[in-house]
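Undergrad: Numbering (the working numbering), first residue to last: 39 to 525.
One structure, as structure tokens, below. Some questions next.
What follows is the structure in structure tokens.
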């Protein structure tokens with residue numbers, strides 16, 4: 039191979055057979071979309087990063103270590119398994135110029151006697167991730183997105199902050215209050231990107247707002263979309279792939295393979311941290327770079343025919359460098375990755391949004407995306423990062439008898455809990471439920487265990503501590519009740 043030859047993909051094949059009745063669970067490229075599940079043998083199934091098989095009480099699997107230099111996926115069929123390593127730079131082959139590339143480290147997993155299925159999968163994830171970045175204490179609180187949907191203000195955030203602080207327990211870790219999309223200076227219906235140097239007229243002083251939020255008893259958090267900007271930038275900073283997608287926002291997607299772009303992103307993140315925000319949520323980077331959502335990627339995470347400005351590095355290397363730059367610039371802030379690639383973000387985010395958006399408008403989104411991702415990404419919780427299955431959107435549009443079940447499960451799952459609570463939807467019953475949820479979520483709890491996940495992609499039976507709880511996610515009439523029983 040010449041120094042200037044482009045390398046696109048590598049395939050490695052192992053021959054072997056699977057026992058009859060084998061169930062296989064796989065991961066996703068980024069967030070789950072309600073489609074994570076145990077399935078039989080599907081030879082065309084694309085299984086990003088790792089997979090686990092369960093048959094006759096035996097657990098085994100194959101994966102790659104987190105932080106791989108290739109975008110890796112597996113396929114399994116009746117006669118063997120194949121590992122595909124996508125080493126392209128964007129949609130063109132990487133040009134290594136004589137550099138040796140360690141594309142991936144393969145991990146083989148076998149279950150141990152006495153382990154439950156979830157315990158075995160969690161141990162597998164711990165082996166794949168040698169240096170996770172985990173929060174020091176439970177993370178819980180508020181996020182204004184699922185009722186405000188970008189329409190908020192300094193005054194409204196302070197009102198949210200007072201409510202969250204009042205409902206939190208008086209001792210233990212303080213709750214976070216996250217200001218989501220809508221604060222930035224160029225926020226509009228056609229752009230939710232930067233620049234990130236100031237708030238808009240509804241948010242006249244971001245540093246002062248952070249200070250007021252702290253004084254009210256919360257830890258302030260802020261959302262940003264680091265790669266999209268309306269700021270005038272050098273023409274060469276524009277990502278080549280921007281021209282090849284039907285992009286629904288105005289602005290420029292910046293190419294993070296360019297040193298100047300990473301410097302700009304570091305400056306933006308450092309500014310947010312200097313304002314006093316103790317949690318930074320960065321969003322949209324996978325879509326911005328790849329031009330696809332995770333459910334569209336399959337075996338072709340991005341289209342052919344374009345490359346990053348630096349074609350000597352693989353996409354996986356460039357994405358990992360982006361995550362590393364954000365983490366390094368954030369100081370002591372907690373980092374949430376949203377629309378980020380979990381296998382590359384592990385070690386650079388404290389929390390990972392593991393599923394697509396829940397909702398404050400449509401219950402079916404919360405049921406499909408929230409419950410599914412909580413169950414099937416639970417093996418990654420406290421192994422890669424803290425797994426955030428997304429918010430409880432408490433509004434008048436979502437039936438409370440359904441939402442209170444989702445709130446109860448999340449609060450007692452041992453994972454982060456965030457609520458988006460519309461003031462008009464909060465009465466005495468909701469306040470009492472939220473206070474109890476925050477009390478539970480503020481404590482270190484064992485991970486919730488889905489009990490019927492082998493046959494149900496939206497598990498209804500869960501073990502919370504030593505107790506089995508049954509939920510009814512589909513009862514649209516107000517008859518649903520929590521059913522408790524000791525296991």
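Beta carbons: idealized from backbone N, C-alpha and C, even for Gly.
The structure displayed is predicted, hence computed values, not measured ones.
#1: Could you please give the first and the last residue of the uninterrupted alpha helix (DSSP H) stretch that includes residue 472?
#2: Do you know how far the Cα of residue 421 is from the Cα of residue 169?
#3: Could you tell me the alpha carbon to alpha carbon distance between residue 177 and residue 512, rounded to whole angstroms?
#4: Counting Cβ pairs closer than 8 Å, one from the region 198-217 and one from the region 158-167, do we hit at least three?
#5: Between the alpha carbons of residue 253 and residue 203, how many angstroms are there, rounded?
#6: The beta strand (DSSP E) that contains residue 426, what's its start and end?
#7: List the whole-angstrom C-beta distance separating residue 314 from residue 237, where the pair is believed to meet the contact cut-off of C-beta under 8 Å.
#8: List the whole-angstrom C-beta distance separating residue 492 from residue 450, where the pair is believed to meet the contact cut-off of C-beta under 8 Å.
#9: Measure the Cβ-Cβ separation of residue 489 and residue 452 and say whether it is below 8 Å.
#10: Under the assumption that residue 388 contacts residue 364 (Cβ atoms under 8 Å), give the Cβ distance between them as a whole number of angstroms.
#11: Could you check how far apart the C-beta atoms of residue 311 and residue 383 are, in whole angstroms? I think they sit under 8 Å.
#12: With H, G and I counted as helix, E and B as strand and the rest as coil, what does DSSP make of residue 435?
#13: On the criterion of 16 or more Cβ atoms from any shown chain inside 10 Å, does residue 297 qualify as buried, or is it exposed?
#14: With DSSP as the reference, label residue 282 as helix, strand or coil.
#15: Per DSSP, what kind of secondary structure is residue 415 in: helix, strand or coil?
#16: According to DSSP, is residue 276 helix, strand or coil?
#17: Take residue 304 and list the residues in its own chain whose beta-carbon comes closer than 6 Å to its own, dropping the five residues that flank it on each side.
#18: Is the CB-CB distance between residue 132 and residue 349 below 8 Å?
#19: What runs of the alpha helix (DSSP H), each 4 residues or longer, lie entirely inside the region 132-216?
#20: For residue 440, I'd like the list of residues in its chain whose CB is within less than 6 Å of its CB, leaving aside the five on either flank, ordered along the chain.
TA: To lay it out plainly:
#1: 466-479
#2: 9 Å
#3: 29 Å
#4: no
#5: About 10 Å.
#6: 424-426
#7: The Cβ separation is near 13 Å, so there is no contact.
#8: Contact flag wrong, Cβ pair sits at about 22 Å.
#9: no
#10: The pair is not a contact, with the Cβ atoms about 12 Å apart (cut-off 8 Å).
#11: Between residue 311 and residue 383 the beta-carbon gap is near 18 Å, outside 8 Å, which marks them as no contact.
#12: Looking at residue 435 - three-state DSSP - the assignment turns out to be coil, as it is neither helix nor strand.
#13: So residue 297 ends up on the exposed side.
#14: Summary for residue 282: the model assigns pLDDT 46, below 50, so the residue's position carries little reliability; its value from the coordinates is reported in the next sentence. Of the three classes helix, strand and coil, the one that applies to residue 282 here is helix, per DSSP.
#15: coil
#16: strand
#17: 363, 367
#18: Using a Cβ distance threshold of 8 Å, residue 132 and residue 349 count as a contacting pair.
#19: 155-166, 183-186, 192-205
#20: The residues are 401.
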